[in-house]
Amino acid sequence: MKTNIFSYPRYLLITLLLLLLVGAGFVHRSDPYFQIHKNFTIFSEVYEQLSSNYIHEVDPEKLIRRGIHSMLKELDPYTVLIDESGSRQMDIVTTGQYAGVGLEVGARGGELVVIAPIEGYSAERKGIRAGDVILNVNDTDVQGLSTDDLQSLLRGDPGSTVNMTIRRYGIDEPIDFELTRETIEVKNVSYFTTLDSDSRIGYILLRRFAQNAAEEVREAILDMQEEGSLDGLVLDVRNNPGGLLDEAVKIIDKFVPAGERVVWTEGRLSRANQEYKTREQPVFPDKPLVVLQNGGSASASEIVSGALQDLDRAVVIGERSFGKGLVQIVQPLSYNMSLKMTTSKYYVPSGRSIQSTPYLSEEEAAEMDEVPDSLRTEFKTRGGRTVYEGIGIEPDIKAEKRQQSMLEIALLQNSHYFFFANEYTSDKDIKGDEIDSAEAYDAFLAYLENQDFEYATRTERKFNEFTETLDESLKQESEDRIKAMQELIDLEKQKQKERYSEYIRKELMLELISRFDGAGGRMKKQLESDKAVLKSIEILEDNAAWLSILEP
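Per our numbering, the very first residue in the sequence shown carries number 938; after that it's consecutive.
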């Protein structure tokens, strides 16, 4: 006999329907797509209520952007929303070029200034100089603009013109220039040379990992080898924030045999899991190699130093690296926006991740002198040396920078070297090695006197903080003691000028040399006293010492 559902008692039918609905509800609510829909609905309703009924008028874009940024802030530091200007910067990294007039610009003393014209492009050919103050670009007053805003004004289509007005020290009237935008190739290798040593040791300064970085490294090596075989090489990735992963792998290509697995990625989704091997025969296969790094070396820089360390191919000298071992992809969105999103982690040949644990800001990473044991996991290099996972790549030999005094910091922060160089070089046509350093230093001290230069030492800052906590009656009672202490502080500040004169002279000479001999002249002079470079030379000149560091 055929069963008819309608023959069941009504209460049983209702019970079955309720069970089905409740069960469906539980499944429905555990479904992530339902959660997305639900929270989108809540978000849009909140936004609609605020737009319609809030006491003040709401800026729709600002409100939504803040909501997005707050949401992404809950994830990791590198998953971010990219606007149009950020997308242009990403394009420069991926293409290795942009259209502009050839200027490096920066903010100094509240003004936008030329740091250096780029050799061979319109700005340099037309005679724009380092130190020129930019006043106007295409009838737009640049006072109050950021350097990013200024770069947006200077960039455009190749062949188009830019009208720029500058102010130059020693000339009363502003100067007008008509510049032509050109396709500018981004330089990854900003400097290379053979170092002053008993052996032929090459040096390459790699600033970024944009398109063509590996080819520039190869060309630099071959260029130096044309004059004779190199006995050793220093690859400097200090303050290199990274860039393209493929370029990092291709740079490792230059130093290790083809077929080596040098990095891989692992993520939540299988498509994020990738393996990268070297593909070419190296151009510098077996001679001693040093990689210089510091706390500003991140991402692709750490892949290079970490892989070469794990393969026992290079000695790493410097400071602990930043610890950015996360892979991002850029997902295009509507209205020329993009989402840069973390999808996986990098791993280098020993199997360790280079990512900081936990996520740290630049400030937090710099302040963490020692990595807690709880964050350190041991791994082994190919030859059996112990290396650690936890916070970036630790160097084989430490060569940390000297802590600057507050006097030196104040001179740099207030751009006194920069503005003095504008004045000092305005009426001189000489080469860097013709500068009278003693005369220039005396002129600089006189310049500081005229500028009423003031700064606070660390002791003075602590003392001022302490006196601010005193009530007025106690201040009056302690007036003589406070005055005596201030006199001691002033005396100490006078002594600091003598104590740190060697370092002030060096910084001053670097700024002056850059005006006469350009960025290359500055780098050549800077390397002469660079402690990490000098340590590299010492190790590379002694092959046995280099090999002993790579032994377990």
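Beta carbons: idealized from backbone N, C-alpha and C, even for Gly.
**Prompt:** If you run the structure through DSSP and keep just helix, strand and coil, what is GLU1326?
**Reply:** strand
**Prompt:** Quick one: is ARG1398 buried, meaning 16 or more other Cβ sit within 10 Å of its Cβ, or exposed?
**Reply:** exposed
**Request:** Pull up the CB-CB distance for LEU1536 and LEU1447, whole angstroms please, since I reckon it's below 8 Å.
**Result:** Residue 1536 is absent from the model: the chain starts at 938 and stops at 1489.
**Message:** If you reduce the DSSP assignment to three classes, tell me which class PRO1194 lands in.
**Reply:** coil
**Own chain residues within Cβ distance below 7 Å of ALA1469, not counting five before or after** = If the five residues before and after ALA1469 are omitted, its C-beta is found closer than 7 Å to the C-beta atoms of LEU1229, ILE1254, GLY1255 and ALA1336, all from its own chain and listed in chain order.
**Message:** So the candidates are LEU1344, PHE1259 and ALA1209; which of them puts its Cα closest to the Cα of GLY1327?
**Reply:** PHE1259
**DSSP three-state assignment for ASP1013, whether helix, strand or coil** = coil
**Prompt:** Taking the Cβ atom as the reference point for each residue, do GLU1184 and PHE1221 lie within a distance shorter than 7 Å?
**Reply:** no
**Item:** Complete runs of the alpha helix (DSSP H) confined to the stretch 1118-1187 [at least 4 residues]
**Value:** 1150-1162
**Request:** Please work out which residues of its chain come closer than 7 Å, Cβ to Cβ, to LEU1263, disregarding the five sequence neighbours upstream and downstream, and give them in chain order.
**Result:** ASP1013, TYR1015, THR1279, LYS1282 and GLN1292
**Asked** Where ASP1069 and GLY1165 are concerned, what is the direct C-alpha to C-alpha distance, given to the nearest angstrom?
**Response** Inter-residue distance for ASP1069 and GLY1165 is about 41 Å (C-alpha atoms, whole angstroms).
**Request:** Report the rounded CA-to-CA distance for LEU1245 versus LEU1181, giving the unit in angstroms.
**Result:** Taking the Cα positions, LEU1245 is about 17 Å away from LEU1181.
**Asked** Who are MET1278's beta bridge partners in DSSP?
**Response** ILE1266
**Request:** To the nearest angstrom, report how far apart TYR1325 and VAL1200 are at their CA atoms.
**Result:** Their Cα atoms are separated by approximately 16 Å.
**Message:** Going by the DSSP bridge assignment, what does GLN1230 pair with across the sheet?
**Reply:** GLY1255
**Request:** Ignore the nearest five residues each way along the sequence and tell me which others in ASP1479's own chain have a CB closer than 6 Å to its CB.
**Result:** none
**Item:** For LEU1245, the first and last residue of its enclosing alpha helix (DSSP H)
**Value:** 1237-1247
**Asked** Who does PRO1054 pair with in a DSSP beta bridge?
**Response** LEU1040
**Item:** Neighbourhood of ILE1490 by C-beta distance below 7 Å, restricted to the same chain and skipping five residues each side
**Value:** Any property of residue 1490 remains undetermined from this structure, which presents the chain solely from 938 to 1489.
**Message:** Considering only the alpha carbon of each residue, which of GLN1265, LYS975, PHE1192 and ARG1175 lies closest to MET1027?
**Reply:** GLN1265
**Asked** For TYR1361, which of helix, strand or coil comes out of DSSP?
**Response** helix
**Message:** Taking 6 Å as the limit between beta carbons, can you name the residues of its chain near GLY1490, skipping five residues before and five after?
**Reply:** Residue 1490 falls outside the range modelled here, since the chain spans only 938 to 1489, and no answer is possible.
**Item:** Rounded straight-line distance, which links the Cα of GLU998 to that of VAL1017
**Value:** 16 Å
**Prompt:** Helix, strand or coil: which one does DSSP assign to GLY1260?
**Reply:** coil
**Message:** Looking only at its chain, what residues have a beta carbon closer than 8 Å to the beta carbon of PHE1192, apart from the 5 residues adjacent to it on each side?
**Reply:** PRO1219, PHE1221, PRO1222, LEU1226, LEU1245, ARG1250 and ALA1251
**Element boundaries [beta strand (DSSP E), containing LEU1072]** = Residues 1070-1074.
**Rounded separation between LEU1449 and ALA1456 - CA only** = 11 Å
**Item:** Under 7 Å between C-beta atoms of VAL1154 and ILE1112
**Value:** For VAL1154 and ILE1112, no; Cβs fall outside 7 Å.
**Item:** Counted within 10 angstroms of its Cβ, other Cβ atoms place ASP1094 as buried (16 or more) or exposed
**Value:** exposed
**Message:** Short of 7 Å in beta carbon distance, which residues of its chain neighbour GLN1034, apart from the five on each side in sequence? Order them along the chain.
**Reply:** THR1120, ILE1121, GLU1122 and VAL1123
**Proximal residues to GLY1196 (C-beta, below 7 Å), its chain only, five neighbours per side dropped** = LYS1214 and THR1215
**Prompt:** Of the residues TYR1378, ILE1372, GLU1429 and LYS1368, which one's Cα is nearest the Cα of HIS1353?
**Reply:** TYR1378
**Request:** Tell me, to the nearest whole angstrom, how far the beta carbon of THR1102 is from that of LEU1082; I am working on the premise that it is less than 8 Å.
**Result:** Rounded, the Cβ-Cβ distance is 14 Å, inconsistent with contact.
**Prompt:** Should LEU1490 and VAL1074 be called a contact, given that it needs their Cβ atoms to be closer than 7 Å?
**Reply:** With the chain represented from 938 up to 1489, any question about residue 1490 goes unanswered, as that position is not in the structure.
**Message:** Going residue by residue through the stretch 973-998, where are the continuous beta strand (DSSP E) segments of at least 3 residues, counting only ones entirely within it?
**Reply:** Annotation note: the stretch 973-998 contains no uninterrupted beta strand (DSSP E) run of length 3 or greater.
**Message:** Among the candidates ARG1313, ASN1125 and GLY1233, whose CA atom is the shortest distance from the CA of LEU1142?
**Reply:** ASN1125
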